[in-house]
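*Asks:*
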Ligand code: M6R
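In this note's numbering, the protein residues as written are 23 to 632.
(1) State the DSSP-derived secondary structure class of residue 631, mapped to helix, strand or coil.
(2) Which residue marks the beginning of the alpha helix (DSSP H) containing residue 536, and which one marks its end?
(3) Looking at residue 426 and the ligand M6R, is the gap between the Cβ and the nearest heavy atom below 8 Å?
(4) For the alpha helix (DSSP H) that residue 337 lies in, which residues bound it at each end?
(5) Shortest alpha-carbon distance to residue 391 belongs to which of 376, 368, 537?
(6) Report, in whole angstroms, the separation of the C-beta atoms of residue 50 and residue 619, which I expect to be a contact under 8 Å.
(7) Report the three-state DSSP secondary structure of residue 521 (helix, strand or coil).
(8) In this structure, does DSSP put residue 369 in helix, strand or coil?
(9) Alpha carbon to alpha carbon, how far is residue 291 from residue 200? Give it in angstroms, no decimals.
(10) Have a look at residue 176 and residue 516 and give me their C-alpha separation to the nearest angstrom.
(11) Anyone know if the C-beta pair for residue 81 and residue 53 falls short of 9 Å?
(12) CA-CA distance, residue 416 and residue 162?
(13) Looking only at C-alpha atoms, which of 268, 420, 378, 393 sits nearest to residue 364?
(14) Taking 8 Å as the cut-off, is the beta-carbon of residue 374 closer than that to any non-hydrogen atom of the ligand M6R?
(15) Could you check the C-alpha separation between residue 13 and residue 462 for me, to the nearest Å?
(16) Please name the residue or residues paired with residue 276 in a DSSP beta bridge.
(17) Exposed or buried, which one is residue 307 when buried takes at least 16 other CB atoms within 10 Å?
(18) Less than 9 Å between the C-beta atoms of residue 215 and residue 181, yes or no?
(19) What are the complete alpha helix (DSSP H) segments, minimum 4 residues, inside the stretch 75-116?
(20) Check whether the Cβ of residue 70 sits closer than 8 Å to any heavy atom of the ligand M6R, and report yes or no.
(21) If I measure Cβ to Cβ from residue 535 and keep anything under 6 Å in the same chain, skipping five residues before and after, which residues do I get?
(22) Using the Cβ count rule (16 or more neighbours within 10 Å means buried), how would you classify residue 251?
(23) Cβ of residue 612 within 9 Å of Cβ of residue 514?
(24) For residue 506, name the three-state secondary structure that DSSP assigns.
(25) Considering only C-alpha positions, which residue in the set 342, 272, 519, 532 is nearest to residue 503?
(26) For residue 63, I'd like the list of residues in its chain whose CB is within less than 6 Å of its CB, leaving aside the five on either flank, ordered along the chain.
(27) Nearest by alpha-carbon distance to residue 115: which of 152, 99, 628, 169 is it?
(28) Taking the alpha carbon of residue 157 as the point to measure from, which residue in 446, 128, 196, 125 has its own alpha carbon closest?
(29) Buried or exposed, going by whether 16 or more other CB atoms sit within 10 Å of the CB of residue 329?
(30) So, helix, strand or coil for residue 610, using DSSP?
(31) So is residue 20 buried or exposed if we call it buried at 16+ other beta carbons inside 10 Å?
(32) Between which two residues does the alpha helix (DSSP H) harbouring residue 436 extend?
(33) When we look at the beta-carbon of residue 278 and count the other beta-carbons within 10 Å, is it buried (16 or more) or exposed?
(34) Tell me which same chain residues have a C-beta within less than 6 Å of the C-beta of residue 512, skipping the five on either side of it?
(35) Is residue 379 near the ligand M6R, in the sense that its beta carbon is under 8 Å from a heavy atom of that ligand?
(36) Roughly how many angstroms lie between the CA atoms of residue 248 and residue 242, to the nearest whole one?
Shown next as structure tokens:
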């Protein structure tokens with residue numbers, strides 16, 4: 023989705039903004055722009071397409087721009103096609119007020135109509151432009167007052183960055199339902215929609231809350247609520263390692279992130295398992311009594327996080343013996359779910375800013391339920407709105423296709439299942455130790471899978487020409503099939519469908535012929551023989567199979583030639599291994615096709631609008 027960066031200080035704003043825009047590219051965008059302010063003028067440059075193009079435009083300007091205040095934006099089109107005129111920043115008619123915006127102004131059509139009737143001339147089709155005109159209309163010598171008046175007219179979601187010649191030494195910002203952070207520097211301050219863009223400048227941030235504004239100079243940050251009353255902001259330290267924002271020796275972020283998984287999982291076990299072998303979630307803000315009496319769980323998430331939730335259901339139902347339902351956030355928020363007093367809502371999100379998941383939590387909270395969030399992003403909206411958070415500590419995930427955040431979510435879900443199972447007396451201390459010992463084996467086992475990279479790449483080459491794929495799995499690896507298919511379609515644009523293998527006969531078998539690539543997850547499990555039968559049914563119809571099987575499985579070799587082996591592991595934890603070759607396979611297919619899998623077409627890293 024759109025990205026915002028802004029700078030005020032004594033360095034060249036345009037250079038810092040360009041660097042910041044490059045760090046925001048991973049969010050997904052179709053046009054970009056920059057606005058910088060000198061003595062009495064705001065200069066705006068924008069373009070359709072990549073930031074490299076914007077950089078060229080800046081280089082070829084006759085007069086070099088030397089300024090110390092500016093804004094930058096990457097746009098992901100919602101209102102109006104991707105184009106230069108619709109790219110942000112947007113000005114009012116006088117060119118004295120310039121706005122960048124993430125989110126959607128829902129009443130923009132009505133506002134536009136009345137502003138036009140009052141003589142405003144619009145240059146774009148965007149919802150954003152109304153904001154610049156509104157502020158201009160309300161400006162009578164007090165910029166902050168005009169800004170607040172304009173905000174009171176807006177309906178919808180927004181993170182806003184604004185500069186104006188009326189207050190040339192300030193950046194104004196506002197937030198409602200869309201993330202905005204202020205990077206606190208020394209003699210300089212930054213604003214951004216997310217952390218990577220400011221990471222090279224400061225590690226201290228203020229996460230603006232909903233319905234707050236701030237007026238920022240190079241030395242001061244004044245935060246107010248929408249009534250104009252001063253608010254004391256909380257300054258937090260970001261713990262992200264700056265290296266996670268660079269590719270290191272890897273060709274792509276996605277590949278780097280796939281290879282980071284063993285270390286992340288090992289870190290999670292160390293962090294959440296005490297030396298005495300108990301699970302310790304030290305800072306949980308829900309009391310143990312509630313967990314003990316818990317009768318059921320509802321998991322809410324989107325995309326890959328939803329798939330993690332599905333695997334969480336298998337794990338929790340088997341280890342805690344309480345019912346779990348899993349919902350897409352976008353479905354949960356618009357139906358009337360039955361939420362009982364002893365229900366725990368678990369939300370899962372890498373970014374913590376996904377609009378539907380946030381809305382679903384707000385919906386759930388109307389029933390006064392407890393919400394536990396499993397999240398990767400420190401201080402994100404979801405973590406603030408939930409009762410408690412367990413962090414996945416996967417570091418920044420830059421690749422749009424989620425990989426390391428997913429397996430970190432799985433690891434946390436397994437630990438939550440063991441924690442609850444033990445607390446409710448379903449898992450004995452002895453069994454807990456055995457499960458934990460098995461979880462400790464996972465990082466090494468993942469490393470072994472990754473040593474098979476070349477073999478997986480060869481398979482990707484062999485299967486590259488297939489026009490469509492079917493991914494089949496059963497039981498707790500049915501969600502792995504969904505996730506494997508999602509990875510492939512997201513970054514290689516090949517239609518891929520994940521299915522519960524037992525459902526194949528009820529429809530998808532009609533798709534099988536010699537042109538279909540079929541990936542079957544056939545690891546050792548109580549349903550092994552069942553899925554072997556499904557493999558045979560595919561082969562009998564000419565389908566070309568790749569099997570993900572357990573090392574030492576000779577039976578599968580009687581049927582299938584193309585096999586990726588994973589080390590033997592307790593089946594309950596196998597999704598932590600079976601997904602890894604599917605991530606690598608998707609990566610290799612996309613790389614062989616020459617696609618940029620870190621920034622796939624049409625996708626955004628963080629889906630902050632509905
Ligand atoms: O930030 P979140 O985990 O809430 O994001 C949810 C989905 O948008 C995300 O998982 C998406 O499906 C990824 N592109 C998957 O690779």
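Think of the CB as a built atom: it goes at the ideal place given N, C-alpha and C, for glycine as much as any other residue.
*Replies:* The relevant details are as follows:
(1) As a working mapping, residue 631 is identified with position 609 in the chain shown. Coil.
(2) Counted from its first residue, the chain shown places residue 536 at position 514. No alpha helix (DSSP H) holds residue 536; DSSP gives it neither H nor E.
(3) In the chain shown, counting from the first residue as 1, residue 426 sits at position 404. No, the ligand M6R has no heavy atom inside 8 Å of this Cβ.
(4) Walking along the chain shown from the start, residue 337 turns up at place 315. Residues 325-342.
(5) Taking the first residue of the chain shown as 1, we reach residue 391 at position 369. Checked all of 376, 368, 537; the closest Cα to residue 391 is 368.
(6) As a working note, residue 50 is residue 28 in the chain shown. As a working note, residue 619 is residue 597 in the chain shown. No, residue 50 and residue 619 are not in contact; Cβ-Cβ is about 12 Å, not under 8 Å.
(7) Here residue 521 corresponds to residue number 499 of the chain shown, with the count starting at 1. In this structure, residue 521 counts as strand in the three-state DSSP scheme.
(8) In the chain shown, counting from the first residue as 1, residue 369 sits at position 347. Three-state DSSP puts residue 369 in a strand.
(9) Translated into the one-based positions of the chain shown, residue 200 becomes position 178. Translated into the one-based positions of the chain shown, residue 291 becomes position 269. Looking at the backbone, the Cα of residue 200 and that of residue 291 are separated by about 32 Å.
(10) Position 154 of the chain shown, counted from the first residue, corresponds to residue 176. Position 494 of the chain shown, counted from the first residue, corresponds to residue 516. Distance between the alpha carbons of residue 176 and residue 516: 40 Å.
(11) Counted from its first residue, the chain shown places residue 81 at position 59. Counted from its first residue, the chain shown places residue 53 at position 31. No; because the gap between Cβ atoms is not below 9 Å, this pair is not in contact.
(12) Locating residue 416 in the chain shown gives position 394, counting from the first residue. Locating residue 162 in the chain shown gives position 140, counting from the first residue. The straight-line gap from Cα to Cα measures roughly 49 Å.
(13) Along the chain shown, read from residue 1 onward, the residue named residue 364 stands at position 342. With distances taken between CA atoms, residue 364 lies nearest to 393 out of 268, 420, 378, 393.
(14) Against the chain shown, residue 374 aligns to sequence position 352. Yes, the ligand M6R has a heavy atom inside 8 Å of this Cβ.
(15) The chain is shown only over 23 to 632; residue 13 falls outside these bounds and no answer can be derived.
(16) Taking the chain shown and counting its residues from 1, one reaches residue 276 at position 254. Answer by DSSP bridge pairing: none, since residue 276 is not bridged.
(17) Indexing the chain shown from 1 puts residue 307 at position 285. The residue in question, residue 307, is exposed, as its Cβ has fewer than 16 Cβ neighbours within 10 Å.
(18) Numbered from its first residue, the chain shown carries residue 215 at position 193. Numbered from its first residue, the chain shown carries residue 181 at position 159. Residue 181 is positioned such that its CB atom lies closer than 9 Å to that of residue 215.
(19) Qualifying alpha helix (DSSP H) stretches: none in this window.
(20) Locating residue 70 in the chain shown gives position 48, where the first residue counts as 1. Taking non-hydrogen atoms of the ligand M6R into account, the C-beta of residue 70 is found less than 8 Å away from none of them.
(21) Walking along the chain shown from the start, residue 535 turns up at place 513. Answer for residue 535: 564, listed in chain order.
(22) Taking the chain shown and counting its residues from 1, one reaches residue 251 at position 229. Of the other Cβ atoms in all chains shown, fewer than 16 fall within 10 Å of the Cβ of residue 251; this residue is therefore exposed.
(23) One-based indexing of the chain shown puts residue 612 at position 590. One-based indexing of the chain shown puts residue 514 at position 492. Their beta carbons are under 9 Å apart, which means residue 612 touches residue 514 by this criterion.
(24) The count along the chain shown starts at 1 and reaches residue 506 at position 484. Note: residue 506 maps to helix in three-state DSSP.
(25) Translated into the one-based positions of the chain shown, residue 503 becomes position 481. Nearest option by C-alpha distance: 519.
(26) Against the chain shown, residue 63 aligns to sequence position 41. No residues qualify anywhere along the chain.
(27) In the chain shown, counting from the first residue as 1, residue 115 sits at position 93. Checking every option, the nearest Cα to that of residue 115 belongs to 152.
(28) Residue 157 sits at position 135 when you count from the first residue of the chain shown. The shortest C-alpha separation from residue 157 is found at 196.
(29) Indexing the chain shown from 1 puts residue 329 at position 307. Residue 329 is buried by the Cβ-count criterion.
(30) Position 588 of the chain shown holds residue 610. For residue 610, the secondary structure class from DSSP, reduced to helix, strand or coil, is helix.
(31) An answer regarding residue 20 cannot be provided, because it is not within the stretch 23 to 632 covered by the chain.
(32) Taking the chain shown and counting its residues from 1, the one referred to as residue 436 is at position 414. Its alpha helix (DSSP H) spans residues 426-445.
(33) Indexing the chain shown from 1 puts residue 278 at position 256. So residue 278 counts as buried.
(34) Counting from one through the chain shown, the residue named residue 512 turns up at place 490. Counting only Cβ-Cβ distances below 6 Å, and skipping sequence neighbours, we find 423, 622.
(35) Here residue 379 corresponds to residue number 357 of the chain shown, with the count starting at 1. Yes, the ligand M6R has a heavy atom inside 8 Å of this Cβ.
(36) By 1-based counting over the chain shown, the position of residue 248 is 226. By 1-based counting over the chain shown, the position of residue 242 is 220. Their backbone Cα atoms lie some 19 Å apart in a straight line.
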